[in-house]
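Undergrad: After the structure tokens below, expect a handful of questions from me.
Chains as they are written, first to last, in this note's numbering: chain A, 6 to 169; chain B, 6 to 169.
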């Protein structure tokens, strides 16, 4: 199953491991923060937020949605590894911004022959979407009563702005 | 809801944005790869894999599990943004490795007063866990028939090794 990109990644990792010096870090994030953001390739979370290796849990999916899997991850983060703050970060020019759910289901059917009734998470208003994820997390009774903030990352400028 | 860490992150981001030069990137990942890995704070995905901003989708949750939300994210990644390869990366010393599901549910109940029947994703055999996630993704009829590989990242050494 290997590809050229897979082989390149393993080669780059061998270079990384040669000078690796982070073996003393433990699993608990040093800042006590868990980030929830999008999988988007243009967001280098550590660089954009000034985080170092070991600083924060970073949870990512399509759209930065507060899904059941994100809530599971935050429960593990809080109960096993002691984080006490959540920051949700949506971003401009997200693929799901203005996406057409029916068209996406059609693409899946056309390319794989599989019908799906999945909701992909398309949204129309970025700031409102981020606020809704923050509200979802604040409303989870199983999560600790900790700060939950919402930010938008602008892929055009690299800048964060607070929306919740 | 702001904290000292939140303010520090916004300050660091202002420094980042001052020299930001990635505004020309589009949403489609340049390598065509989607990474699925753990939220663990010790994994700097870009550094460890030799990826640059814009190269790859990075999906992260507690344990690198192939959850329904990961499958949703991969469908968006493939159908909207053209990725054609998946690499699943588990890691050593994961908080969920050998974790006790009942004890975790007890911690949630003790700290929040909320009973949950959630399965947190604890596992006993790291390599087998990664292989199982790879098999889950390979078996999804709605995903494209693309390479799916499995790696283990060693937080002690920074090294990746292939397991599937």
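Heads up, the beta-carbon is just placed ideally off N, CA and C, and yes, glycines get one too.
#1: From the DSSP secondary-structure annotation, give me the bridge partner or partners of residue 165 of chain B.
#2: Would residue 122 of chain A count as contacting chain B if we go by Cβ distances under 7 Å?
#3: Quick one: using the 10 Å Cβ neighbour count with 16 as the cut-off for buried, is residue 60 of chain A buried or exposed?
#4: With a threshold of 7 Å between beta carbons, is residue 44 of chain B in contact with chain A?
#5: Along chain B, which residues have their Cβ under 8 Å away from the Cβ of residue 84 of chain A?
#6: Can residue 46 of chain B and residue 18 of chain A be called in contact, C-beta distance under 7 Å?
#7: Terminal residues of the continuous beta strand (DSSP E) containing residue 95 of chain B?
#8: Give the secondary structure of residue 125 of chain A by DSSP, where H, G and I count as helix, E and B as strand, and everything else as coil.
#9: Establish whether the CB of residue 136 of chain B and some CB of chain A are separated by less than 7 Å.
#10: Could you tell me which chain B residues have their CB closer than 9 Å to the CB of residue 97 of chain A, listed as they occur along the chain?
#11: What does residue 125 of chain B reach in chain A if we use C-beta pairs closer than 8 Å?
#12: Hey, quick one: how far does the beta strand (DSSP E) through residue 39 of chain B stretch, first residue to last?
#13: Give me the residue from B/133, B/40, B/11 and B/15 with the minimum Cα distance to residue 153 of chain B.
#14: Less than 8 Å between the CB atoms is what I'm expecting for residue 38 of chain B and residue 92 of chain B, so what's the real figure, rounded?
#15: Could you please give the first and the last residue of the uninterrupted beta strand (DSSP E) stretch that includes residue 65 of chain B?
#16: Run down chain A in chain order and give the residues with a C-beta less than 7 Å from the C-beta of residue 25 of chain B.
#17: So, residue 42 of chain A versus residue 69 of chain A, is the Cβ gap smaller than 7 Å?
#18: In this structure, does DSSP put residue 58 of chain B in helix, strand or coil?
#19: Please identify the residue among A/148, A/102 and A/114 whose C-alpha is closest to the C-alpha of residue 127 of chain A.
#20: Report yes if the CB atom of residue 66 of chain B is closer than 7 Å to the CB atom of residue 48 of chain A, and no otherwise.
#21: Using 7 Å as the threshold, is the C-beta distance between residue 136 of chain B and residue 169 of chain B below it?
#22: Could you tell me whether any Cβ in chain B is nearer than 7 Å to the Cβ of residue 14 of chain A?
#23: Mind listing the chain B neighbours of residue 106 of chain A? Cutoff is C-beta to C-beta under 7 Å, in chain order.
#24: Which one of B/74, B/73, B/62 and B/120 has the shortest CA to CA distance from residue 86 of chain B?
#25: Along chain A, in chain order, which residues have C-beta atoms closer than 8 Å to that of residue 90 of chain B?
#26: Hey, does residue 103 of chain A have any beta-carbon neighbour from chain C nearer than 7 Å?
#27: Thinking C-beta only, is residue 117 of chain B closer than 7 Å to residue 147 of chain A?
#28: Can you tell me the Cα-Cα spacing of residue 15 of chain B and residue 110 of chain B, whole angstroms?
TA: The answer reads as follows:
#1: B/158
#2: no
#3: buried
#4: Residue 44 of chain B counts as touching chain A.
#5: 109, 112, 113 and 116
#6: No. Outside cutoff.
#7: It spans 90-96 - the beta strand (DSSP E) in which residue 95 of chain B sits, taken as one unbroken run.
#8: coil
#9: Output row for residue 136 of chain B: interface = no.
#10: Chain B residues near residue 97 of chain A: none, gap ~10 Å exceeds 9 Å.
#11: 77, 80 and 81
#12: 38-43
#13: B/40
#14: 6 Å
#15: 61-66
#16: 162 and 163
#17: yes
#18: coil
#19: A/102
#20: no
#21: When the beta-carbon positions are compared, residue 136 of chain B and residue 169 of chain B come within less than 7 Å of each other.
#22: yes
#23: Simply none; closest approach about 11 Å.
#24: B/62
#25: 8, 10 and 11
#26: Checking the listed chains, one finds no chain C in this structure; the protein chains it contains are A and B.
#27: yes
#28: 34 Å
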